[in-house]
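Let me begin by presenting the structure, written as structure tokens, before commenting on it.
Number of protein chains: 4
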Amino acid sequence: MSDPGQTRADYAYFQPMTTRWMDNDAYQHINNAVYYSFFDTVANNFLIEHGALDIGKSAVVGFIVASSCSYRKPIAYPAKLDAAFRVNRIGTSSVEYGVAVFEENVTEPAAFGTYTHVFVERESGKSVSIPEKIRSALELARVTG
Amino acid sequence: MSDPGQTRADYAYFQPMTTRWMDNDAYQHINNAVYYSFFDTVANNFLIEHGALDIGKSAVVGFIVASSCSYRKPIAYPAKLDAAFRVNRIGTSSVEYGVAVFEENVTEPAAFGTYTHVFVERESGKSVSIPEKIRSALELARVTG
Amino acid sequence: MSDPGQTRADYAYFQPMTTRWMDNDAYQHINNAVYYSFFDTVANNFLIEHGALDIGKSAVVGFIVASSCSYRKPIAYPAKLDAAFRVNRIGTSSVEYGVAVFEENVTEPAAFGTYTHVFVERESGKSVSIPEKIRSALELARVTG
Amino acid sequence: MSDPGQTRADYAYFQPMTTRWMDNDAYQHINNAVYYSFFDTVANNFLIEHGALDIGKSAVVGFIVASSCSYRKPIAYPAKLDAAFRVNRIGTSSVEYGVAVFEENVTEPAAFGTYTHVFVERESGKSVSIPEKIRSALELARVTG
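Residue numbers (the numbering used here), protein chains in the order written: chain A, 14 to 158; chain B, 14 to 158; chain C, 14 to 158; chain D, 14 to 158.
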């Protein structure tokens, strides 16, 4: 990917995220795993807000098959954050998101990465073509290079 | 409760629990909230092992309505722990558990507390009389004073 | 305690808290242990904002020795929450907080409980009289019945 | 990387990990972020056991600058897991680990990925050449293709 998401302008959707005392680990920074929790929260927030996901009822849901993160600057509770989201690529049954975490009022991300959802039938776990309602929502967050 | 669960002999069921790097918070001890994760894990482990809970299928499940913990001694990752479980009281639709965390090979608990489950229909969330299969499992862990 | 903290008016300090996808457990509600993470976050937020705690530097810090929670109504991600805080009792070296979680725009708490901090020297872990700077901050959140 | 760590034989070090009730998210599988918690636990377990890390005292510690995971098969609490670890590459101040999670008695990983530690002075956060004691420990887990 030629554009790794280095500024706020590279993203389509933002959500504020509050940090928690226990997010800081023994090195007094937010633990690396917690970033993925910000990432899947902003992705699901986007889907829910755009009518593409009902957590309890949707017959088709996104399962994560791959994720990655580059950590650029340590951050620590009680920081206030903005999680950022965009769609990098849409395939037949999968989509790659670009995700990032910014400190409030900071332009460069503290961390950024990717998430890949494969859409599956919730009951069977089998992959399916992305339903049109979800696809059209995802198109709204597509950022073209 | 006259017997607050001060030794291993006060409990009916034990499960080893591994700790995780991120369990330690900024003070380099296992965060207070993580103990409750040990507690509900040992309680659910007991129910699952005794045929009283199928996470995905049981029509009746336990919802937690109250919990408490007394912390006696700080512990830290990479400690190996034993979580302990017993039944304090069984009512019509609810049960109070006694729960504790011990460091491996240590007799006094690092922390101990209580958990109260109300059994509800999963779909409606309405409380029900404890089904016989669950009640008979719980009786196995009842510790009488 | 005659007043268990049943309305927003019972609390002295509030902080918005965002929820996360992974807060929901297999029953699709916010897991019981996560509430304690809201509780210690609002308590530490209060201390930090009032100059009573520097996470990395304070020589005297609060260790939790007891906690409890009553859960009144299940809540689920993506709910937006307000965590609430007050001081119930101040002793020589310890303080009991009243804490609660409210859904946005809801008057009754989804859950409420208590947290007891003992103040200790960070290095030795030995309890100390509550330093004057901390005590005067705590007095600001004391709610009298 | 030509060898993505597809079997237990690809790893040098294993640690059993217990799962927790709250690891399962609303889809009743272990949440994607939790895998990273297994990963940094097994990496730090290796360093601690080989005398390369004292969490509270080491002057040089590893900060994570990149991580990735491929998820192959959903797993769920109450699964018992083995976390696996190896060293992929050692540089001047950084090291890339290969990490994986296997279900007990299963040969193929449920998930596998990479973790990159940069070694820094704890106080300043500045990167340093990997100290000899740490480097010689890491060499023990190097798996050559």
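Virtual Cβ for every residue (Gly too), placed ideally from N, Cα, C.
Since we're looking at a predicted model, the values are computed, not measured.
Quick one: Cα of residue i to Cα of residue j, how far?
{"i": "T105 of chain C", "j": "S83 of chain C", "result": "27 Å"}
{"i": "S142 of chain B", "j": "G18 of chain C", "result": "29 Å"}
{"i": "F98 of chain A", "j": "F125 of chain A", "result": "10 Å"}
{"i": "A123 of chain D", "j": "P87 of chain A", "result": "29 Å"}
{"i": "V119 of chain D", "j": "Y48 of chain D", "result": "17 Å"}
{"i": "T129 of chain D", "j": "R148 of chain C", "result": "44 Å"}
{"i": "F132 of chain D", "j": "I103 of chain D", "result": "11 Å"}
{"i": "G60 of chain C", "j": "S50 of chain D", "result": "The amino acid at residue 60 of chain C is misidentified as Gly; the sequence shows Leu. Their Cα atoms are separated by approximately 29 Å."}
{"i": "E92 of chain B", "j": "T54 of chain D", "result": "Here residue 92 of chain B is Ala; the residue named in the question, Glu, does not match the sequence. So the two alpha carbons sit approximately 12 Å from each other."}
{"i": "E109 of chain C", "j": "S107 of chain B", "result": "28 Å"}
{"i": "D67 of chain D", "j": "S81 of chain B", "result": "32 Å"}
{"i": "Q28 of chain C", "j": "E152 of chain D", "result": "48 Å"}
{"i": "N229 of chain B", "j": "Y26 of chain B", "result": "Chain B is shown only over 14 to 158; residue 229 of chain B falls outside these bounds and no answer can be derived."}
{"i": "R21 of chain C", "j": "N45 of chain C", "result": "21 Å"}
{"i": "F52 of chain A", "j": "T127 of chain D", "result": "18 Å"}
{"i": "A154 of chain C", "j": "M30 of chain B", "result": "38 Å"}
{"i": "S140 of chain C", "j": "S140 of chain D", "result": "37 Å"}
{"i": "P69 of chain A", "j": "G69 of chain D", "result": "Before going further, note that residue 69 of chain A is Gly rather than Pro in the sequence given. In a straight line, the C-alpha of G69 of chain A is about 43 Å away from that of G69 of chain D."}
So with CB distances below 7 Å, who are the chain A contacts of residue i?
{"i": "N58 of chain C", "result": "P91"}
{"i": "T31 of chain C", "result": "P29, M30 and T31"}
Show which residues of chain C have a CB atom less than 7 Å away from the CB atom of residue i.
{"i": "M35 of chain D", "result": "D38, N44 and A46"}
Return the chain-ordered list of same chain residues with a C-beta closer than 8 Å to the C-beta of residue i, the five sequence neighbours on each side being excluded.
{"i": "R135 of chain D", "result": "S71, A72, V73 and V74"}
{"i": "Y24 of chain C", "result": "G18, A97, F98, R99, G111, A113 and V156"}
{"i": "R85 of chain B", "result": "E121, P122, A123, A124 and F125"}
{"i": "K146 of chain A", "result": "G64 and A65"}
So, at 6 Å on beta carbons, what are the nonlocal neighbours of residue i in its own chain, with the 5 sequence-adjacent residues on each side left out?
{"i": "A150 of chain A", "result": "H63 and A65"}
{"i": "F76 of chain A", "result": "V131 and V133"}
{"i": "P117 of chain D", "result": "One detail in the question is off: residue 117 of chain D reads as Glu in this sequence, not Pro. K93, listed in sequence order."}
{"i": "N101 of chain C", "result": "E109 and G111"}
{"i": "A79 of chain C", "result": "T129"}
What residues from chain D crowd round residue i, counting only those whose CB sits closer than 7 Å?
{"i": "H143 of chain B", "result": "His is not the amino acid found at residue 143 of chain B; the sequence shown has Ile there. Ordered by position in chain D, no residue passes the 7 Å Cβ test against I143 of chain B, which lies about 20 Å from the chain."}
{"i": "Q19 of chain C", "result": "Chain D residues near Q19 of chain C: none, gap ~27 Å exceeds 7 Å."}
{"i": "I77 of chain A", "result": "N45 and Y84"}
Spatial neighbours of residue i within its chain, please: CB distance less than 7 Å, with the 5 preceding and 5 following residues excluded, ordered by chain position.
{"i": "Y90 of chain D", "result": "T32, R33, W34, D36, N37 and I43"}
{"i": "G138 of chain C", "result": "none"}
{"i": "P144 of chain B", "result": "V73"}
{"i": "N115 of chain C", "result": "A small correction: the amino acid at residue 115 of chain C is Phe; Asn does not occupy that position in the sequence shown. Excluding sequence neighbours, F115 of chain C sits near R21, L94, D95, A97, P122 and A123."}
List the residues of chain B that residue i touches, going by C-beta distances under 7 Å, in chain order.
{"i": "T54 of chain D", "result": "R33 and W34"}
Could you tell me which chain A residues have their CB closer than 9 Å to the CB of residue i, listed as they occur along the chain?
{"i": "S50 of chain C", "result": "R33, W34, M35 and D36"}
For a contact meaning CB atoms closer than 9 Å, what does residue i contact in chain B?
{"i": "S137 of chain C", "result": "Residues of chain B passing the Cβ test: none, with the nearest at roughly 12 Å."}
For a contact defined as C-beta to C-beta under 9 Å, what are the partners of residue i on chain C?
{"i": "S81 of chain B", "result": "A79, S80, S81, C82, G126 and T127"}
Hey, is residue i's beta-carbon within less than 9 Å of any beta-carbon in chain F?
{"i": "I147 of chain A", "result": "Of the protein chains in this structure, namely A, B, C and D, none is chain F."}
At least 3 beta-carbon pairs within less than 8 Å: the segment 27–43 of chain B vs the segment 32–44 of chain A: These segments touch.
Determine which residues of the segment 87–121 of chain D have a Cβ less than 8 Å from any Cβ of chain A, and write them out in chain order. Listed by position, the residues of the segment 87–121 of chain D near chain A (Cβ gap below 8 Å) are P87.
What residues in the segment 59–75 of chain A bring their beta carbon closer than 9 Å to a beta carbon of chain D? Of all residues in the segment 59–75 of chain A, those with a C-beta nearer than 9 Å to a C-beta of chain D are I68, G69 and V74, reading in chain order.
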